[in-house]
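In this note's numbering, the protein residues as written are 890 to 984.
Yeah, the Cβ is synthetic: ideal placement off N, Cα and C, and Gly gets one too.
Input: a single structure, listed below in structure tokens.
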């Protein structure tokens, strides 16, 4: 069995589980795929677009037409901090 070693760890908000459970079932596999890809890459910022969210400037990845993942990568600790996963309005604070 060839298991890849993760290059990045995640720091998730306390309510991350609740955020994921609020996602439609069809979006959850995409979130898993995106987080796996982020954890195994050399530079997670290359997968997202730098955007201004309601939390500040973060990288975001489109999970569906109306759902996003907002995160920031700390290159010193090799940790990706997830700020929000959810509907566009919850991430950006606007429609």
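Margin query: Tell me the residue span of the alpha helix (DSSP H) that contains residue 967.
Written below: Careful: residue 967 lies outside any alpha helix (DSSP H) and carries neither H nor E.
Checklist line | Three or more C-beta pairs below 8 Å linking the stretch 901-913 and the stretch 923-930 | finding: no
Next item on the list: Ignore the nearest five residues each way along the sequence and tell me which others in residue 967's own chain have a CB closer than 6 Å to its CB.
Entry: 897
Next item on the list: At 4 residues or longer, and completely inside the stretch 900-953: list those alpha helix (DSSP H) runs for me, N to C.
Entry: Secondary structure within the stretch 900-953: the alpha helix (DSSP H) runs of 4 or more consecutive residues, fully enclosed, are 905-910 and 917-928 (chain order).
Notebook entry, point to check: DSSP puts residue 957 in a beta bridge; with which residues?
Noted result: According to DSSP, residue 957 bridges with 951 and 975.
Check: Among 911, 940, 969 and 955, which has the Cα closest to the Cα of residue 925?
Finding: 969
Note to self: Less than 7 Å between C-beta atoms, sequence neighbours within five positions excluded: which residues of the same chain meet that for residue 911?
What the structure shows: 975
Next item on the list: Pick helix, strand or coil for residue 962, following the three-state DSSP scheme.
Entry: strand
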